[in-house]
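Comments concern the structure below.
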Ligand code: BV8
């Protein structure tokens, strides 16, 4: 009987909900190179450009036509079935897992629907587009709020708990991630080292496919319900 399951998701699980991935044809990084919109240096150099990149994605996420898909819903059923024994770690900054009903989620790369004070690090719900006038209320003087997003070179969130759960897991499943970004891309190796079963579900084999015991190719809206059922 499986005791502890760790699921890692990436942009691919939200692709069929209409959210663009990063590194594919017409992906997010194609128009906005990482170094221009997803590093602290980029924000320092051109805050308006970085804010616009996140404002656009925040507004797209909140349009009515972006909904959780069958993969998000299947994972929520998995959590219900294995109450308390599934830890979902997502690289995604969207809120589709929450809206599908999943409870125990770690957004290791932050969340599009939250903003953060750059000085106190207090996190607030995002209620309006980021701008020079969208400032914190926790400091004097007030500072313009930044996206609650982990940029390249910044420490991912929740790592201690993620590492604890990986060290004790007996099943590790990666869904819809290219295996391009660390430390997430290295999680399979930790799971392997503790004897867990490792499965990758992806539209095509990822950069780390060879590290998994099993690779199932196909769209997440089909492969995830099949795995959960
Ligand atoms: C850190 C937030 C340390 C922004 C993101 C050299 C070697 C190794 C590592 C490094 C290195 N140089 C630098 C590093 C570290 C760096 C890194 O990994 N760089 C890479 C580029 C080499 N990592 C970091 O900087 C991390 N921090 O290491 O900190 C530290 C230590 C101490 C003190 C301080 C710091 C921070 C990384 C986080 C960066 N932020 N996102 C934003 O979202 O706007 S990363 C970004 O990539 C997203 O979060 C995204 O989730 C993530 C991974 O991408 P994927 O989710 O995999 O998406 P992608 O498009 O790539 O792939 C989609 C996949 O889905 C494809 O495979 C496709 O086939 C599949 N797919 C498509 N459709 C479907 C599908 N699958 C199923 N069904 C479908 N329908």
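Residue numbers (UniProt numbering): 1 to 229.
Every residue, glycine too, gets a C-beta built ideally from N, C-alpha and C.
Take residue 124, set aside five residues on each side of it, and the residues of its chain with a beta-carbon closer than 6 angstroms to its own are 115, in chain order. Look at residue 193 here: in three-state DSSP terms it is helix. When the Cα atoms are used, residue 39 and residue 204 turn out to be separated by approximately 28 angstroms. Sorting 211, 171, 164 by C-alpha distance to the C-alpha of residue 178 places 211 at the top. Beta-bridge partners assigned by DSSP to residue 202: 217. Residue 114 has 125 as its beta-bridge partners, per DSSP. Taking all protein chains shown into account, residue 5 has 16 or more neighbouring C-beta atoms within 10 Å of its C-beta and is therefore buried.
DSSP places residue 22 outside both helix and strand once states are collapsed to three, so it counts as coil. Between residue 99 and residue 67, the C-beta gap is smaller than 9 angstroms, which places the two residues in contact.
In this structure, DSSP gives residue 140 a state outside helix and strand, which the three-state scheme calls coil. For the ligand BV8, no non-hydrogen atom lies closer than 8 angstroms to the CB of residue 208.
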